[in-house]
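A.B. asks: Numbering (my numbering), first residue to last: 68 to 204.
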């Protein structure tokens, strides 16, 4: 039903764009129709656009201090710090190709180990999935 109404409105507006200028001596009628159409299209889509952006950005960034991160130093609760950013890698511990090496700096700064030669370049993209916040200065 909604699709039919939208189609009818779009059809009407397009007809104004093409037919109205032929019956009018002024080009401004066409420009006014175009402005109305753009306004209508924006109002129709503004809510959907905002929803998409808000869904994509629902992750809130929080600042953690070193003491908070240090509490998460176990296989079942593992956070690491890489370049002043905090990552919760608990769900990745069992999948880590290097075995328990990921636990060596659990709850602490893993920057040096993370940027070591053993890691393929894809880990630099993967790590962002685990980002939970920044380390307080």
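Note that beta-carbon positions come from the ideal geometry of N, C-alpha and C, so glycine has one too.
Just so we're clear, the structure is a prediction, and the values are computed from it rather than from any experiment.
If you reduce the DSSP assignment to three classes, tell me which class residue 167 lands in.
C.D. replies: Correct three-state label for residue 167: helix.
A.B. asks: With DSSP as the reference, label residue 155 as helix, strand or coil.
C.D. replies: Correct three-state label for residue 155: strand.
A.B. asks: What's the gap between the Cα of residue 179 and the Cα of residue 147?
C.D. replies: Rounded to the nearest angstrom, the two C-alpha atoms are 12 Å apart.
A.B. asks: Since residue 203 and residue 130 are thought to touch, with beta carbons under 8 Å apart, how far apart are those beta carbons, to the nearest angstrom?
C.D. replies: About 5 Å separates the two Cβ atoms, so the contact holds.
A.B. asks: Does the distance from the CB of residue 201 to the CB of residue 151 come in under 8 Å?
C.D. replies: Yes, the Cβ-Cβ distance between residue 201 and residue 151 is below 8 Å.
A.B. asks: If you drop the 5 nearest sequence neighbours on each side, which residues of the same chain put their C-beta closer than 6 Å to that of residue 199?
C.D. replies: Same-chain partners within the cutoff: 153, 155.
A.B. asks: In three-state DSSP terms, what is residue 78?
C.D. replies: Three-state DSSP puts residue 78 in a helix.
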